[in-house]
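Here is the structure we will look at, set down as structure tokens.
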Amino acid sequence: MSEVQSIKEIKENQGKDLTVVGTYKPVSLNQKPGTVEYSGHYKIEVNDTLSIVLLPPYNSESKRPTDEIQKFEGKRVKVSGIISDKTYMEPPSIQNAPLTLSLPCFTEIKSIELE
């Protein structure tokens with residue numbers, strides 16, 4: 006598994022197992038400008054230019070479990086899985102283009118562990 010540090014590396018490795026190391030932090034996925042609302046979604050902040058959301062919000066597992074939050078919040082973690090270069094706010098479909106955020110997002114998480 007490759008460890009990624011940039012959006013360019015994510016785009017070059019779409020669909021492959023990737024690993025990131027960063028800080029486990031809450032993320033607001035609210036699309037209203039100037040509004041910050043934390044609702045159980047988290048991201049991995051890899052560096053100043055790259056943060057990756059842990060699963061798209063339409064996925065029932067995107068709201069992280071309390072025990073996971075208590076174990077990892079604010080700490081450096083290593084996360085492995087498949088990463089998309091954007092966050093889909095609803096399931097992709099052929100009929101309609103789903104709303105997206107220009108934030109990379111894990112579409113599948115294989116492991117999260119302390120670094």
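Sequential numbering from 6 applies to the sequence shown in my numbering.
Positions of the beta carbon are idealized from the N, C-alpha and C atoms, including for glycine.
Would you mind giving the Cβ-Cβ distance between residue i and residue j, rounded to the nearest angstrom? I have them listed as a contact below 8 Å.
i    : j   : result
E120 : V51 : Contact doesn't hold; Cβ gap of about 11 Å is too wide.
From the DSSP output, which residues share a beta bridge with residue i?
i    : result
F111 : L59, I88
K48  : K30, V58
L106 : T92
S7   : L23
S116 : S85
Would residue i and residue j qualify as a contact pair, given that the criterion is a beta-carbon distance under 9 Å?
i    : j    : result
I99  : I57  : no
H46  : K68  : yes
P103 : P97  : yes
E73  : I117 : yes
V84  : T28  : no
L55  : I12  : yes
On a CA-only basis, which of the options is nearest residue i? Give me that one, please.
i    : options            : result
L34  : Q10, T92, F77      : T92
S44  : I74, V32, K80, L55 : V32
K48  : N64, K30, V9       : K30
L23  : P62, S7, E95, T71  : S7
E95  : K80, T112, G86     : T112
Q19  : G86, S107, T105    : G86
T105 : P62, K80, K21      : P62
Within its chain, find whatever has a CB closer than 7 Å to the CB of residue i; leave out the 5 residues flanking it on each side and keep chain order.
i   : result
E66 : L60
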